[in-house]
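The numbers in the working numbering rise by one with no breaks, and the one at position 220 of the sequence shown is 221.
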Amino acid sequence: MLKFSAARGTITSMNQWEGPFAAYLRLDKGLSEKSIASYASDLRLIAKSTAVDPAALTPELIRAELARWRQENLSSPSIQRKLSSVRAYFAFLRKHGPGTPDPTKDLEVASPKRRLPKTISHDAIAALLASPDLTQDEGIRDKAMLELLYASGLRVSELANIKRGDLSLDQSWLKVFGKGSKERRVPVGESALAWLKKYSQEAYPRMNLGFACEMLFIGGSPAKPRALNRQEIWKIVKTHAARAKIPGAAAISPHSLRHSFATHLLEGGMNLRSVQTLLGHADISTTEIYTHVEERRLLEAHKKFHPRK
């Protein structure tokens, strides 16, 4: 079994990195199981070809692999996918050991066009939000959670880390901590606010006896409540998507609701900069993946208002 040639926390073998790495891709990045399997396969093949563990890859080894892939006439998207697998792995490592260098950082490779996010239709959103069983405390919790994900476009990690004190029911604002622990305030829509009030005032006290847990979205027993983790939230969204019989339900995740939030806002007329702020993107280039929506809206407006049809 391959061993790391450099210290990387407690992860020391091929068997040990695959499980945590898969969880990182699934929960932090919202990738499908097929994509996760592809990333892991890429890393195993690279490890076999270079005879070193992925954590010990260097820029020189990656350049040699890049030359080999080109010699084998791999397509640009295939090469980019392999490099993405390496980049994702080193991003994962940085969570365990800050400062881990990315061996692909200075590589210059032609990038294929980015895929557009998959958006859930308005009807499918309505079906998803109607799925929870409101006769159960957990159903009220799930309803409030789904409403908030769609109303505020939160990352799953942001949702999991919300504390009771972060939500202002009177002012319709929510305090969240995004990537890099950056704090921002996001508005909460009327529907989401109504269900958050119902959850906070009715279901939550029954699920959290004595308010022993400070987190907002909880599971466990009433006597021993605990915060829901990202994997549990991810599973709740998947369960309700399947129950609502939404087309492509298997691919729906908390990230799908975030993408739909941004797309629907742009379709409604919000500008890209405002969407950037709401999503918590530090760089506008991250939000520009949604420019196709704004371009389509401008084209429709041009057709409607220009005198020459």
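Virtual Cβ for every residue (Gly too), placed ideally from N, Cα, C.
- Do the region 30 to 39 and the region 245 to 256 make contact, defined as three or more Cβ pairs closer than 8 Å? In short, these stretches touch, since the Cβ pair count reaches three.
- Quick one: Cα of A7 to Cα of D103, how far? Start at 1 with the first residue of the sequence shown, and residue 7 comes out as number 6. Start at 1 with the first residue of the sequence shown, and residue 103 comes out as number 102. The pLDDT assigned to A7 is 39, lower than 50, so where the model puts this residue is not dependable; a value taken from the coordinates is nonetheless given after this. Near 14 Å, if we compare the C-alpha coordinates of D103 and A7.
- Message: On the criterion of 16 or more Cβ atoms from any shown chain inside 10 Å, does S122 qualify as buried, or is it exposed?
- Response: For the purposes of this step, residue 122 is taken as residue 121 along the sequence shown, with counting starting at 1. Around the Cβ of S122, a 10 Å sphere holds fewer than 16 other Cβ atoms; the residue is exposed.
- Beta-carbon separation (whole angstroms), L129 vs A245, contact threshold 8 Å: Looking up residue 129 in the sequence shown gives position 128. Looking up residue 245 in the sequence shown gives position 244. About 5 Å; that satisfies the 8 Å criterion.
- Could you give the DSSP three-state label for V187: helix, strand or coil? Within the sequence shown, residue 187 is the residue found at index 186, counting from 1. The answer is strand: DSSP assigns V187 an E or B state.
- Could you name the residues that DSSP lists as bridge partners for L168? The sequence position of residue 168 within the sequence shown is 167, counting from 1. Looking at the DSSP assignment, L168 forms a beta bridge with L175.
- According to DSSP, residues forming a beta bridge with A228: Stepping through the sequence shown from its first residue, residue 228 is reached at position 227. Paired residues: I219.
- Hey, could you find the ends of the alpha helix (DSSP H) Y200 is sitting in? Numbered from 1 along the sequence shown, position 199 holds the residue referred to as residue 200. Bounds of any alpha helix (DSSP H) do not take in Y200, whose DSSP letter is neither H nor E.
- Would you say the region 180 to 197 touches the region 147 to 160, given that touching needs at least three Cβ pairs under 8 Å? yes
- Task: Keeping to the same chain, check which residues put their C-beta closer than 8 Å to that of N209; ignore five residues upstream and five downstream.
- Result: Looking up residue 209 in the sequence shown gives position 208. Correct list, in chain order: I219, P223 and P226.
- Task: Drop a sphere of 10 angstroms on the beta-carbon of L46, count the other beta-carbons inside from all chains shown, and report buried for 16 or more, exposed for fewer.
- Result: Taking the sequence shown and counting its residues from 1, one reaches residue 46 at position 45. By the neighbour-count rule (16 or more Cβ atoms within 10 Å), L46 is not buried but exposed.
- In this structure, does DSSP put L1 in helix, strand or coil? For residue 1 there is no data in the structure shown, the boundaries of the chain being 2 and 310.
- Message: For A146, report the span of its alpha helix (DSSP H) as first-last.
- Response: Indexing the sequence shown from 1 puts residue 146 at position 145. The sequence given here has Met at residue 146, not Ala. Unbroken alpha helix (DSSP H) run through M146: D138 to S153.
- Query: K236: which of R69, Q172 and V157 sits nearest, CA to CA?
  - Reply: The residue given as residue 236 occupies position 235 in the sequence shown. Answer by Cα proximity: V157.
- For I126, name the three-state secondary structure that DSSP assigns. For the purposes of this step, residue 126 is identified with residue 125 of the sequence shown, where counting begins at 1. Residue state, collapsed to three classes: helix.
- If I'm right that I163 touches S261 with Cβ under 8 Å, what's the distance once you round it to whole angstroms? Position 162 of the sequence shown, counted from the first residue, corresponds to residue 163. Position 260 of the sequence shown, counted from the first residue, corresponds to residue 261. No, I163 and S261 are not in contact; Cβ-Cβ is about 20 Å, not under 8 Å.
- Is it the case that the Cβ atoms of A145 and L197 are separated by a distance below 7 Å? Residue mapping note: residue 145 aligns to position 144 of the sequence shown, counting from 1. Residue mapping note: residue 197 aligns to position 196 of the sequence shown, counting from 1. Contact flag set, yes.
- Item | 7 Å Cβ cutoff met for L149 and I141 | As a first step, residue 149 is located in the sequence shown; it is residue number 148 there, counting from the start. As a first step, residue 141 is located in the sequence shown; it is residue number 140 there, counting from the start. Taking 7 Å as the Cβ cut-off, L149 and I141 do not qualify as a contacting pair.
- Measure the alpha-carbon distance for Q137 versus M216 and round it to whole angstroms. Looking up residue 137 in the sequence shown gives position 136. Looking up residue 216 in the sequence shown gives position 215. When rounded, the distance between both Cα atoms is 20 Å.
- Query: What's the call for A302, buried or exposed, on a 16-neighbour Cβ count within 10 Å?
  - Reply: Start at 1 with the first residue of the sequence shown, and residue 302 comes out as number 301. Under this definition A302 is an exposed residue.
- Query: Which of helix, strand or coil does DSSP assign to E289?
  - Reply: Stepping through the sequence shown from its first residue, residue 289 is reached at position 288. Under the three-state reduction of DSSP output, E289 falls in the helix class.
- Look at T101 and L94 and say whether their C-beta atoms are less than 7 Å apart. On the sequence shown, position 100 is the one that residue 101 refers to. On the sequence shown, position 93 is the one that residue 94 refers to. Contact: yes.
- If you scan the region 48 to 100 from start to end, which runs of the alpha helix (DSSP H) of 4 or more residues do you find wholly inside it? 60 to 72 and 77 to 97
- Message: Nearest by alpha-carbon distance to L62: which of G221, R71, T51 and G249 is it?
- Response: Taking the first residue of the sequence shown as position 1, residue 62 is located at position 61. Minimum Cα distance to L62 is reached at T51.
- Message: Closest to R171 by C-alpha separation, out of S182, A195, E159 and F178, would be which residue?
- Response: The sequence position of residue 171 within the sequence shown is 170, counting from 1. Correcting the residue type first, residue 171 is Asp in the shown sequence and not Arg. Comparing Cα-Cα distances from D171 to each of S182, A195, E159 and F178, the minimum goes to A195.
- Task: Closer than 6 Å by C-beta to L84: which residues in its own chain qualify, once you throw out the five before and the five after it? Chain order, please.
- Result: Mapped onto the sequence shown, residue 84 falls at position 83. Excluding positions up to five away in sequence, the list reads T105.
- Message: Quick check on M208: does DSSP put it in helix, strand or coil?
- Response: The count along the sequence shown starts at 1 and reaches residue 208 at position 207. M208: helix per DSSP, three-state reduction.
- In angstroms with no decimal places, state the Cα-to-Cα distance between E233 and Y25. For the purposes of this step, residue 233 is taken as the residue at position 232 of the sequence shown. For the purposes of this step, residue 25 is taken as the residue at position 24 of the sequence shown. So the alpha carbons of these two residues sit roughly 14 Å apart.
- Span separating the alpha-carbon of L3 from that of A56: Counting from one through the sequence shown, the residue named residue 3 turns up at place 2. Counting from one through the sequence shown, the residue named residue 56 turns up at place 55. Confidence at L3 is low in this model, with a pLDDT of 33, below 50, so its placement is unreliable and the value that follows should be read with caution. Their Cα atoms are separated by approximately 11 Å.
- Message: Can you list, in chain order, the residues of its chain with a C-beta nearer than 7 Å to that of A250? Leave out the 5 residues immediately preceding and following it.
- Response: Mapped onto the sequence shown, residue 250 falls at position 249. Cβ neighbours of A250 beyond the five flanking positions: A242 and A243.
- How would you call G1, buried or exposed, if buried means at least 16 neighbouring beta carbons within 10 angstroms? An answer regarding residue 1 cannot be provided, because it is not within the stretch 2 to 310 covered by the chain.
- Message: Tell me which residues share the same chain as P308 and place their Cβ nearer than 6 Å to its Cβ, disregarding the 5 neighbours each side in the sequence.
- Response: For the purposes of this step, residue 308 is identified with residue 307 of the sequence shown, where counting begins at 1. Once the five neighbours on either side are set aside, P308 has no close Cβ partner at all.
- Query: Are the beta-carbon atoms of Q277 and I285 separated by less than 7 Å?
  - Reply: Along the sequence shown, read from residue 1 onward, the residue named residue 277 stands at position 276. Along the sequence shown, read from residue 1 onward, the residue named residue 285 stands at position 284. Yes, they are a contact pair.
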